[in-house]
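Accompanying notes for the structure given below.
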Amino acid sequence: MSAPTWAGVEKGTALPSQTFTFRRGDLVRYAGASGDFNVIHWNDRIAAEVGLPNVLAHGMLTMGTVARVVTDWAGDPGAVTEYGVRFTRPVPVPDDSALDGSGGGSTVEVSAEVTDKLEDNLVKVTIKATYDGATVLAKAIAIVRLP
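Laid out in structure tokens, this is it:
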């Protein structure tokens with residue numbers, strides 16, 4: 005698929021939907037990269053003690069991963085000039101049962117569409133991200149500069 009152009013995109017244009025699965029290994033790698041070692045992201049006992057259904061994916065990991073729907077569509081992560089969300093629900097991540105990390109995990113379904121065509125080759129993209137049928141990111145909006 006070739007990158008979209010501002011002239012070729014209309015309001016209502018749907019971006020290709022994607023699904024992303026978060027596994028415990030992803031949480032460990034993100035914690036190491038970000039320095040966010042909060043125990044609710046890796047310790048089942050602590051998560052249960054504070055009333056969580058399981059350990060949770062980092063909010064910024066979820067937010068960054070969901071943005072891939074837009075960056076993949078635009079063909080250039082640098083085309084995104086603004087991106088913001090409201091966190092509405094966490095993504096619980098059950099323990100992987102397979103030694104190779106292929107089992108378990110939580111899948112987030114993401115769809116998006118162009119909801120406005122702005123000046124200066126900019127488009128507004130509204131993103132919908134759900135886990136288990138519930139919205140996890142509200143008011144997820146990206147502003148994208150297209151050629």
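In this note's numbering, the protein residues as written are 5 to 151. A virtual CB, placed ideally from N, CA and C, is assigned to each residue, including glycine.
Going by C-alpha to C-alpha distance, which of the options sits closest to residue i?
{"i": "Val129", "options": "Gly108, Val95, Val89", "result": "Val89"}
{"i": "Thr17", "options": "Ala116, Glu123, Leu126, Val140", "result": "Ala116"}
{"i": "Ile147", "options": "Gln22, Arg49, Leu126, Asp80", "result": "Leu126"}
{"i": "Phe24", "options": "Val95, Leu122, Leu150, Val118", "result": "Val95"}
Please state whether DSSP places residue i in a helix, a strand or coil.
{"i": "Arg93", "result": "coil"}
{"i": "Gly68", "result": "helix"}
{"i": "Thr9", "result": "coil"}
{"i": "Glu14", "result": "coil"}
{"i": "Pro151", "result": "coil"}
{"i": "Val54", "result": "coil"}
{"i": "Val84", "result": "strand"}
{"i": "Val74", "result": "helix"}
How would you write the range of the alpha helix (DSSP H) that residue i sits in, first residue to last?
{"i": "Val32", "result": "28-38"}
{"i": "Ile44", "result": "From DSSP, Ile44 is part of no alpha helix (DSSP H); its letter is neither H nor E."}
From which residue to which residue does the beta strand (DSSP E) around residue i run?
{"i": "Asp120", "result": "110-121"}
{"i": "Val126", "result": "According to the sequence displayed, residue 126 carries Leu and not Val. Run containing Leu126: 126-135, per the beta strand (DSSP E) assignment."}
Looking only at its own chain, which residues have a Cβ that is under 7 Å from the Cβ of residue i, when we skip the five neighbours before and after it?
{"i": "Thr9", "result": "Leu150, Pro151"}
Leaving out five residues before and five after residue i in sequence, what residues of the same chain have Cβ atoms less than 6 Å from its Cβ?
{"i": "Ala78", "result": "Val148"}
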